[in-house]
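Enquirer: Please see the structure below; I have some questions.
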Amino acid sequence: MRIDVLGVSFDNLTMDEAVQKALGLMESRNAAYVVTPNPEIVMLCRDSSSLSDAVKNADMVLPDGIGIIKGAKILGTPLKQKLPGIDFAQELFGQMAKREMTVFLLGAKPGVAEEAAKNLLDRFKGLRIIGTNDGYFTDNEAVIDKINALSPDLLLVCLGAPKQELWMHENASKLNVGLMAGLGGSLDVFAGIVERAPEKWQKLGLEWLYRLKEEPSRAKRMKNLPKFGFAVIGQRISGKK
Numbered sequence: 203m204r205i206d207v208l209g210v211s212f213d214n215l216t217m218d219e220a221v222q223k224a225l226g227l228m229e230s231r232n233a234a235y236v237v238t239p240n241p242e243i244v245m246l247c248r249d250s251s252s253l254s255d256a257v258k259n260a261d262m263v264l265p266d267g268i269g270i271i272k273g274a275k276i277l278g279t280p281l282k283q284k285l286p287g288i289d290f291a292q293e294l295f296g297q298m299a300k301r302e303m304t305v306f307l308l309g310a311k312p313g314v315a316e317e318a319a320k321n322l323l324d325r326f327k328g329l330r331i332i333g334t335n336d337g338y339f340t341d342n343e344a345v346i347d348k349i350n351a352l353s354p355d356l357l358l359v360c361l362g363a364p365k366q367e368l369w370m371h372e373n374a375s376k377l378n379v380g381l382m383a384g385l386g387g388s389l390d391v392f393a394g395i396v397e398r399a400p401e402k403w404q405k406l407g408l409e410w411l412y413r414l415k416e417e418p419s420r421a422k423r424m425k426n427l428p429k430f431g432f433a434v435i436g437q438r439i440s441g442k443k
């Protein structure tokens, strides 16, 4: 079952259900892909038909951020749980490690994916990271060939939104992977370059505020947050998507 929030339909899953669904998609080997929209991405979808199509065609759409959860509740169709992309990835890695499954890391600046791989291998014994590539590539076909030669169970696509969503949608038919997941700046976190908000902030649903405090340059990107809130209220009043 999916829950609509401003035209984006989210899977209504717990974290465990999301991980189990992802494992099943990996086994199908159909290059399925996961997106994790936050309010900013939802608003971008309203202005970009290509991004909207990419999100609508995703095999899993997970609610990343407290704003989506609150929006769904205001609309009278609550979602079971907030599913931040980075938390989803870590839970998935834990299950993949038990099965000795394979991962390819794509994205971030040169050297970051390699450092992230080292840290993840130390943390998740049994996980097999079989390839990396930075996100600053110009030869798309060469990167696809590199990935296909390794045939990973999971391809982590960390190119930033909306680039990663568009890339997965456009290239899914060319890729020999089990599952792709678009996870923004998670490689920087896994590499130890960027710190997540303290757990206290996360539990209060204020991770976005902590990130703004640490990176004031994000303020421009967050201009859509109040627009999202007003749009949700408008949808609630009108009953329209």
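For what it's worth, my numbering labels the leading residue of the sequence shown as 203, then goes sequentially.
For glycine and all other residues, C-beta sits at the position ideal for the given N, C-alpha and C.
Because the structure is a prediction, the values reported are computed rather than measured.
1. What residue range is occupied by the uninterrupted alpha helix (DSSP H) comprising S250?
2. Based on Cα-Cα distance, which residue from G226, A234, A233, T238 lies nearest to S211?
3. Please go through the same chain and pick out, in chain order, the residues whose beta-carbon is closer than 8 angstroms to the beta-carbon of L352, but skip the five residues on each side of it.
4. Quick one: using the 10 Å Cβ neighbour count with 16 as the cut-off for buried, is S230 buried or exposed?
5. If contact is defined by three or more beta carbon pairs under 8 angstroms, each pair taking one atom from either stretch, is the stretch 274–289 in contact with the stretch 212–223?
6. Could you check the C-alpha separation between L225 and L294 for me, to the nearest Å?
7. Taking the alpha carbon of Q404 as the point to measure from, which residue in V207, A233, E219, D266 has its own alpha carbon closest?
8. So, are the CB atoms of I288 and R438 less than 9 angstroms apart?
9. Taking only three categories from DSSP, how would you classify Q414?
10. Using the beta-carbon count (16 or more within 10 Å), is S388 buried or exposed?
11. Between L322, R301, V379, G431, which lies nearest to A291 when the distance is taken from Cα to Cα?
12. Who are the near neighbours of V434 in its chain, counting only those whose CB is closer than 6 angstroms to its CB and skipping five residues on each side?
13. Helix, strand or coil, according to DSSP, for F212 in the structure here?
14. Rounded to a whole number of angstroms, what is the C-alpha to C-alpha distance between N342 and G384?
15. Identify which residue in I346, V391, E372, E409 has its Cα closest to the Cα of N378.
Expert: Quick look at the numbers:
1. Run containing S250: none; DSSP gives neither H nor E here.
2. T238
3. T304, F306, I332, G333
4. exposed
5. yes
6. 8 angstroms
7. D266
8. no
9. Sequence check: residue 414 is Leu here, not Gln. Here L414 sits in helix by DSSP.
10. buried
11. L322
12. G273, I276
13. strand
14. 17 angstroms
15. I346
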